[in-house]
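Visitor: Residue numbers (this note's numbering), protein chains in the order written: chain A, 588 to 874; chain B, 208 to 529.
Sharing a structure below in structure tokens format, with a few things to ask.
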């Protein structure tokens with residue numbers, strides 16, 4: 588059993604206590620209410636999704652959950668303990684890992700070193716095999732947790748490459764591998780499949796479901812509705828910083844408020860464009 | 208060899224002092240801390256060593272330790288005071304710290320010797336001791352550029368927000384940068400005063416900031432090896448250029464300007480880039496041969512994407528009309 592898997596404990600069927608609970612969370616920038624009074628609970632071993640149009644406050648919510656932006660109001664409870672006064676570095680140490688909306692890898696490091704940075708959270712012992720003077724020793728052989736994160740994200744063979752030499756989709760996978768190598772209890776993923784092909788998206792969806800079966804709670808921010816339908820157990824929909832719907836992915840996408848805010852608008856515009864273009868073409872032909 | 212060594216002993220000694228001074232500015236820069244406080248630490252180290260030798264006849268290593276420890280303590284206080292500053296503002300504040308020390312030593316009365324400084328700092332310091340101190344420093348710094356600490360330092364410099372998300376206490380790393388910079392600058396100043404037996408306000412002015420910065424810009428800012436290259440070049444260049452007489456300053460300035468414009472990574476950066484370029488070409492060739500080109504090149508649509516696009520095109524009324 589590797590370090591990463593050891594930390595991802597099996598789902599606790601007896602204790603349904605939420606891994607993370609948000610109570611009336613608000614983040615205001617002056618007069619702009621980026622997040623405005625959200626309350627929800629993330630129960631263990633499930634994949635939760637946040638859906639919403641651009642600017643609806645999804646990424647701000649993730650930044651608030653990882654303490655990168657201060658809360659204007661409300662509170663966070665992680666594993667039954669108050670979480671809203673914890674420093675960003677301690678958020679990671681408590682077991683919250685995240686990926687970012689735009690890929691954030693260290694370009695001077697190799698793929699292997701970027702993934703090792705995640706494992707480094709657990710100290711010199713996990714990284715180098717000894718807590719003493721070897722803390723400064725270069726890590727030539729990756730630890731089991733790092734190797735497993737690399738295997739699971741299909742990065743084997745690319746360890747020595749640098750992020751600049753990889754496609755965007757592959758860079759995304761390195762970010763996910765780094766987050767897995769942190770051995771988290773809660774994984775926050777901000778548009779993890781942006782820039783990926785259909786095949787890659789399906790692979791990531793399968794990977795996230797595998798992690799769920801090992802008990803890892805996940806919160807996924809995604810634009811791709813199909814990805815949400817395929818992957819998530821429960822979805823929250825945001826618009827203008829507020830929660831406008833929640834429930835199973837299939838039921839949520841049928842709600843009129845959601846269709847109006849996000850799906851309907853986009854599809855309707857696309858359909859209108861196609862219909863308008865078609866009629867124009869037909870009109871030209873008749874003329 | 209012995210004749211050459213004896214003739215150039217002062218330059219050899221200055222190279223070690225220059226290396227420690229350059230490292231005292233390079234270490235904070237490596238952590239993304241734009242601080243020149245290492246030069247102020249050099250002043251603190253020099254005066255402290257001079258005072259303990261003159262007043263208490265302290266042995267050389269004890270004087271160096273006293274200078275380095277006091278400078279690192281002041282560095283820690285400075286870190287607490289300036290923790291909210293970054294970038295150019297931090298740079299300006301630390302240059303001000305250096306200049307304030309120059310004023311303090313000028314007006315320090317009997318303790319600092321006033322404008323004329325302190326003389327007769329005589330303690331036995333051997334070349335072996337200088338090499339020993341420098342070697343320990345370089346080995347520790349070289350190790351800190353690799354492994355777990357190396358990766359974390361890189362994260363703190365390139366993306367502090369990411370570093371925090373990886374569980375790194377960015378503020379503590381930045382404080383450590385000030386403390387280590389103080390130790391190194393203090394060491395350099397103390398060794399220098401023990402070699403020269405004298406120190407005055409003129410030896411610790413703004414010129415040292417320029418010298419240290421020039422060394423690491425030309426040598427390379429990302430590794431101790433860059434500081435070593437810079438220290439060797441700028442300790443020996445003036446004596447080599449002595450043959451051109453009054454043109455020396457112009458040639459010196461031109462070399463610095465050209466290097467800053469055309470070789471921003473320094474000499475070391477140039478060598479590292481060339482090495483990485485060769486490695487990259489070899490690896491890409493290997494991956495292409497293994498049929499993994501899609502992961503390293505910007506892939507277009509895969510087969511499934513193409514099938515979806517084709518389906519959409521067939522359904523589109525525009526396409527149907529055509």
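Every residue, glycine too, gets a C-beta built ideally from N, C-alpha and C.
Could you check whether the Cβ of residue 373 of chain B sits closer than 8 Å to any Cβ belonging to chain A?
Guide: Here residue 373 of chain B corresponds to residue number 166 of the second chain, with the count starting at 1. It does; some Cβ of chain A falls within 8 Å.
Visitor: Going by C-alpha to C-alpha distance, which of A/626, A/688 and A/671 sits closest to residue 681 of chain A?
Guide: Position 94 of the first chain, counted from the first residue, corresponds to residue 681 of chain A. If we check each option's Cα against that of residue 681 of chain A, A/671 comes out closest.
Visitor: Output yes if chain A places a C-beta closer than 8 Å to the C-beta of residue 488 of chain B; else output no.
Guide: Here residue 488 of chain B corresponds to residue number 281 of the second chain, with the count starting at 1. Judged by the 8 Å Cβ criterion, residue 488 of chain B is not in contact with chain A.
Visitor: Please state the DSSP three-state secondary structure of residue 331 of chain B.
Guide: The residue you call residue 331 of chain B lines up with position 124 of the second chain. If DSSP states are grouped into helix, strand and coil, residue 331 of chain B belongs with coil.
Visitor: Helix, strand or coil for residue 218 of chain B, going by three-state DSSP, please let me know.
Guide: Here the question's residue 218 of chain B lines up with position 11 in the second chain. Correct three-state label for residue 218 of chain B: helix.
Visitor: Would you please verify whether the beta carbon of residue 390 of chain B is less than 8 Å from any beta carbon of chain A?
Guide: Residue mapping note: residue 390 of chain B aligns to position 183 of the second chain, counting from 1. Judged by the 8 Å Cβ criterion, residue 390 of chain B is not in contact with chain A.
Visitor: I'd like to know whether the C-beta atoms of residue 252 of chain B and residue 275 of chain B end up nearer to each other than 8 Å.
Guide: Walking along the second chain from the start, residue 252 of chain B turns up at place 45. Walking along the second chain from the start, residue 275 of chain B turns up at place 68. Their beta carbons are under 8 Å apart, which means residue 252 of chain B touches residue 275 of chain B by this criterion.
Visitor: Checking contacts by CB at 8 Å: is residue 818 of chain A closer than that to chain B?
Guide: For this step, residue 818 of chain A is matched to residue 231 along the first chain. With 8 Å as the cut-off, residue 818 of chain A does not count as an interface residue toward chain B.
Visitor: Please classify residue 209 of chain B as buried or exposed, where buried requires at least 16 neighbouring CB atoms within 10 angstroms.
Guide: For the purposes of this step, residue 209 of chain B is taken as residue 2 along the second chain, with counting starting at 1. Exposed, since its Cβ has fewer than 16 Cβ neighbours within 10 Å.
Visitor: For a contact defined as C-beta to C-beta under 9 Å, what are the partners of residue 497 of chain B on chain A?
Guide: To locate residue 497 of chain B, count along the second chain from 1; it is residue 290. In chain order: 744.
Visitor: Give, in chain order, every residue of the segment 346-374 of chain B whose Cβ lies closer than 7 Å to some Cβ of chain A.
Guide: Answer in chain order: 350, 351, 353, 354, 355, 356, 358, 359, 361, 362, 365, 366, 368, 369, 371, 372, 373 and 374.
Visitor: Any C-beta of chain B within less than 9 Å: which residues of the segment 797-813 of chain A qualify?
Guide: From the segment 797-813 of chain A, no residue has a Cβ closer than 9 Å to chain B.
Visitor: Does residue 748 of chain A have its Cβ less than 8 Å from a Cβ in chain B?
Guide: Within the first chain, numbered from 1, the residue matching residue 748 of chain A stands at position 161. Chain B, which has a Cβ nearer than 8 Å to the Cβ of residue 748 of chain A, makes this yes.
Visitor: When the distance is taken between beta carbons, is residue 685 of chain A closer than 8 Å to residue 649 of chain A?
Guide: Sequence index remark: in the first chain, residue 649 of chain A carries index 62 (1-based). Sequence index remark: in the first chain, residue 685 of chain A carries index 98 (1-based). Result yes, Cβ atoms of residue 649 of chain A and residue 685 of chain A sit closer than 8 Å.
Visitor: At what residues does the alpha helix (DSSP H) containing residue 810 of chain A begin and finish?
Guide: Here residue 810 of chain A is taken as the residue at index 223 of the first chain, counted from 1. No alpha helix (DSSP H) holds residue 810 of chain A; DSSP gives it neither H nor E.
Visitor: Using the three-state DSSP reduction, which class does residue 684 of chain A fall into: helix, strand or coil?
Guide: As a first step, residue 684 of chain A is located in the first chain; it is residue number 97 there, counting from the start. If DSSP states are grouped into helix, strand and coil, residue 684 of chain A belongs with the strands.
Visitor: When the cut-off is 8 Å and only beta carbons count, does residue 703 of chain A lie next to chain B?
Guide: Counted from its first residue, the first chain places residue 703 of chain A at position 116. For residue 703 of chain A, the answer is yes, since a Cβ of chain B falls inside 8 Å of its Cβ.
Visitor: Once DSSP output is grouped into helix, strand and coil, what is the label at residue 621 of chain A?
Guide: For the purposes of this step, residue 621 of chain A is taken as residue 34 along the first chain, with counting starting at 1. Three-state DSSP puts residue 621 of chain A in a strand.
Visitor: May I ask you to report which of helix, strand or coil DSSP gives residue 783 of chain A?
Guide: Within the first chain, numbered from 1, the residue matching residue 783 of chain A stands at position 196. Coil.
Visitor: Does the Cβ of residue 707 of chain A have 16 or more other Cβ atoms within 10 Å, making it buried, or fewer, making it exposed?
Guide: Taking the first residue of the first chain as position 1, residue 707 of chain A is located at position 120. With 16 or more other Cβ atoms within 10 Å, it is buried.
Visitor: DSSP three-state call for residue 827 of chain A: helix, strand or coil?
Guide: For the purposes of this step, residue 827 of chain A is identified with residue 240 of the first chain, where counting begins at 1. Three-state result, residue 827 of chain A: coil.
Visitor: In angstroms, rounded to a whole number, what distance separates the CA positions of residue 720 of chain A and residue 311 of chain B?
Guide: Sequence index remark: in the first chain, residue 720 of chain A carries index 133 (1-based). Sequence index remark: in the second chain, residue 311 of chain B carries index 104 (1-based). Note that residue 720 of chain A has pLDDT 49, beneath the 50 cutoff, so the model's placement of it is unreliable and no number is given.
Visitor: Whose C-beta lies closer than 8 Å to the C-beta of residue 375 of chain B among residues of the same chain, with five residues either side of it excluded?
Guide: The count along the second chain starts at 1 and reaches residue 375 of chain B at position 168. Hits under 8 Å: 359, 362 and 363.
Visitor: According to DSSP, is residue 716 of chain A part of a helix, a strand, or is it coil?
Guide: On the first chain, residue 716 of chain A is found 129 positions in, with the first residue counted as 1. Annotation note: pLDDT 47 at residue 716 of chain A (below 50); position unreliable, coordinate value reported separately. Residue 716 of chain A: coil per DSSP, three-state reduction.
Visitor: From the DSSP secondary-structure annotation, give me the bridge partner or partners of residue 490 of chain B.
Guide: Numbered from its first residue, the second chain carries residue 490 of chain B at position 283. Looking at the DSSP assignment, residue 490 of chain B forms no beta bridge with any residue, so it has no partner.
Visitor: Looking at the unbroken alpha helix (DSSP H) that takes in residue 584 of chain B, where does it start and where does it end?
Guide: Given a span of 208 to 529 for chain B in the structure shown, any question on residue 584 of chain B remains unanswerable.
Visitor: Would residue 691 of chain A count as contacting chain B if we go by Cβ distances under 8 Å?
Guide: Residue 691 of chain A sits at position 104 when you count from the first residue of the first chain. Yes - at least one Cβ of chain B is within 8 Å of the one on residue 691 of chain A.
Visitor: Indicate the three-state DSSP secondary structure (helix, strand or coil) for residue 483 of chain B in the structure shown.
Guide: Taking the second chain and counting its residues from 1, the one referred to as residue 483 of chain B is at position 276. In this structure, residue 483 of chain B counts as helix in the three-state DSSP scheme.
Visitor: So that I know if they touch, is there some Cβ in chain B lying closer than 8 Å to that of residue 652 of chain A?
Guide: The sequence position of residue 652 of chain A within the first chain is 65, counting from 1. False, the Cβ-Cβ gap to chain B never drops below 8 Å.
Visitor: Let me check understanding here. Comparing Cα to Cα, which of A/730, A/676, A/763 and A/741 lies closest to residue 380 of chain B?
Guide: Along the second chain, one-based indexing puts residue 380 of chain B at 173. Among A/730, A/676, A/763 and A/741, the Cα nearest to that of residue 380 of chain B is on A/676.
Visitor: May I ask you to list, following chain order, the residues of the segment 376-408 of chain B that have a beta carbon less than 8 Å from some beta carbon of chain A?
Guide: From the segment 376-408 of chain B, only 376 and 377 have a Cβ closer than 8 Å to chain A.
Visitor: Assess contact between the segment 614-634 of chain A and the segment 825-832 of chain A, defined as three or more Cβ pairs (one per stretch) separated by less than 8 Å. Is contact present?
Guide: These segments touch.
Visitor: Compare the Cα-Cα distances from residue 633 of chain A to each of A/659, A/605, A/647 and A/611 and report the closest residue.
Guide: Mapped onto the first chain, residue 633 of chain A falls at position 46. For the residues A/659, A/605, A/647 and A/611, the minimum Cα distance to residue 633 of chain A belongs to A/605.
Visitor: Within 10 angstroms of the Cβ of residue 254 of chain B, are there 16 or more other Cβ atoms? Answer buried if so, exposed if not.
Guide: Within the second chain, numbered from 1, the residue matching residue 254 of chain B stands at position 47. Residue 254 of chain B should be labelled buried.
Visitor: Given a threshold of 16 other Cβ atoms within 10 Å of its Cβ, counted over all protein chains shown, does residue 714 of chain A qualify as buried or as exposed?
Guide: Taking the first chain and counting its residues from 1, the one referred to as residue 714 of chain A is at position 127. Because the pLDDT at residue 714 of chain A is just 49, under 50, the model does not fix this residue reliably, and the point stays unresolved.
Visitor: Using the beta-carbon of each residue, which ones in chain B are nearer than 7 Å to residue 675 of chain A?
Guide: Position 88 of the first chain, counting from 1, holds the residue named residue 675 of chain A. Chain B residues near residue 675 of chain A: 371 and 372.
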